[in-house]
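Q: First residue of the sequence shown? That's 1 in this note's numbering, and the numbers climb one at a time after it.
The C-beta atom is built at its ideal place from N, Cα and C for all residues, glycine as well.
If you're wondering where the values come from, they're calculated on a predicted model, not measured in any experiment.
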Amino acid sequence: MSTGKKTVHISIWGSGSGSNAQSIIDYFRAKPEIKISLIVSDNPEAYLLERGRKEQIPVSILNVEQRKNPEFLISLVHDYQVDLIVLAGYLRKMNSVFLDTFEGQVLNIHPALLPAYGGKGMYGHFVHEAVIRNQEKTSGITIHFVDGEYDRGEIIFQESLEIGEGWDATKLASEVLKLEHKKYPEIVEDICKKISHSH
Ligand code: GRF
């Protein structure tokens with residue numbers, strides 16, 4: 001029976017800076033019912049790992065064999081009792097057996113309004129450069145569940161922002177990132193509450 005009180009354990013996965021991870025860590029610091037239990041990266045150089053170590057969160061660096069081994073990944077996540085996997089700048093395609101096992105439990109954030117400006121090769125600066133090149137008036141963020149295809153999967157949340165006169169891709173990237181930092185933790189929290197109530 002649900003008591004609504006079990007701690008929800010999150011694992012954050014990324015390949016780079018981890019600024020979204022940091023905003024999520026900061027947001028949940030004062031909310032013990034939600035715990036960042038594991039940080040995972042495919043990139044040993046990712047600054048995300050530094051952030052994790054500073055926060056005393058266990059970190060795991062995946063090598064190529066581990067990334068392709070669903071049993072390894074499933075047992076890693078089970079070892080930390082992870083309820084929700086939050087991708088934040090994780091650039092590798094996820095193993096499909098792993099995704100089937102955690103269907104509806106893997107979230108991603110994309111720095112544009114999907115389905116526009118998504119898919120293979122559309123990550124980081126490439127997204128913002130394409131948006132500026134096409135003289136779009138708006139861009140934004142999309143938070144979605146992850147399935148086997150890049151940037152597909154059910155959309156949970158979108159917010160747009162107006163692109164100002166004279167913005168270049170760098171300015172757009174920084175405005176989009178600010179929006180990500182504000183919204184991703186809130187949406188993660190909403191999903192954690194649903195998970196907590198379903199326990
Ligand atoms: C973000 O723009 C996110 O939308 C994308 O990758 C970037 C990650 O940045 N998926 P950071 O590592 O969180 O700083």
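1) Any beta carbon of chain C sitting closer than 8 Å to that of Lys93?
2) List the residues that DSSP assigns as beta-bridge partners of Gln158.
3) Just the C-alpha distance for Gly121 and Pro44, rounded to the nearest angstrom, thanks.
4) Please say whether Leu99 and Gly148 have beta carbons closer to each other than 8 Å?
5) Using 7 Å as the cut-off, classify the Cβ of Ala88 as near or not near the heavy atoms of ligand 1, replying yes or no.
6) Nearest to Tyr80 by alpha carbon, out of Lys54, Thr7, Ser19 and Leu179?
7) How far does the alpha helix (DSSP H) with His78 in it extend, from its first residue to its last?
8) Just checking, does the stretch 26-34 make contact with the stretch 45-52 on the three C-beta pairs under 8 Å criterion?
9) Report the rounded CA-to-CA distance for Gly124 versus Gly153, giving the unit in angstroms.
10) Do you know offhand how far Pro203's Cα is from Lys54's?
11) Suppose you measure from the CA of Ser23 to the CA of Trp167; what does that come to, to the nearest Å?
12) Secondary structure at Ile57, three-state DSSP: helix, strand or coil?
13) If we count the other Cβ atoms within 10 Å of its Cβ and call it buried at 16 or more, is Asp26 buried or exposed?
14) One question on the structure: do Leu73 and Val86 come within less than 8 Å of each other, judged by their Cβ atoms?
15) Should Glu180 be listed as close to ligand 1, given that the test is whether its C-beta is under 7 Å from any heavy atom?
16) Please list, in chain order, all residues of the same chain as Gly16 whose beta carbon is under 6 Å from its beta carbon, the five residues on each side excluded.
17) Please say whether His110 and Ala169 have beta carbons closer to each other than 8 Å?
18) Unbroken beta strand (DSSP E) runs of length 3 or more, entirely within the stretch 4-65: which are they?
19) To the nearest angstrom, report how far apart Ile187 and Phe157 are at their CA atoms.
20) Are Leu84 and Ile155 touching if we call contact CB-CB under 8 Å?
A: To lay it out plainly:
1) The structure shown contains no chain C, having only a single protein chain.
2) Among the bridge pairs identified by DSSP, Gln158 is matched with Thr142.
3) Near 21 Å, if we compare the C-alpha coordinates of Pro44 and Gly121.
4) Yes.
5) At least one heavy atom of ligand 1 is nearer than 7 Å to the Cβ of Ala88, so yes.
6) Nearest to Tyr80 by alpha-carbon distance, out of Lys54, Thr7, Ser19 and Leu179, is Thr7.
7) Here the alpha helix (DSSP H) through His78 covers Pro70 to Asp79.
8) No: fewer than three Cβ pairs fall under 8 Å.
9) Whole-angstrom Cα-Cα distance: 19 Å.
10) With the chain covering only 1 through 199, there is no way to say anything about residue 203.
11) Looking at the two C-alpha atoms, the distance is approximately 25 Å.
12) Under the three-state reduction of DSSP, Ile57 is assigned to coil, being neither helix nor strand.
13) Exposed is the label assigned to Asp26, since fewer than 16 other Cβ atoms lie within 10 Å of its Cβ.
14) No, these two residues do not count as a Cβ contact at 8 Å.
15) Result yes, Cβ under 7 Å from ligand 1.
16) Apart from sequence neighbours up to five positions away, the residues of its chain that approach Gly16 with a beta-carbon distance below 6 Å are Ala46 and Gly89, ordered along the chain.
17) No, the Cβ-Cβ distance between Ala169 and His110 is not below 8 Å.
18) Runs of the beta strand (DSSP E) inside the stretch 4-65: 8-14, 34-41 and 59-61.
19) Cα to Cα, the separation comes out at about 8 Å.
20) By the CB criterion at 8 Å, Leu84 and Ile155 fall outside the cutoff.
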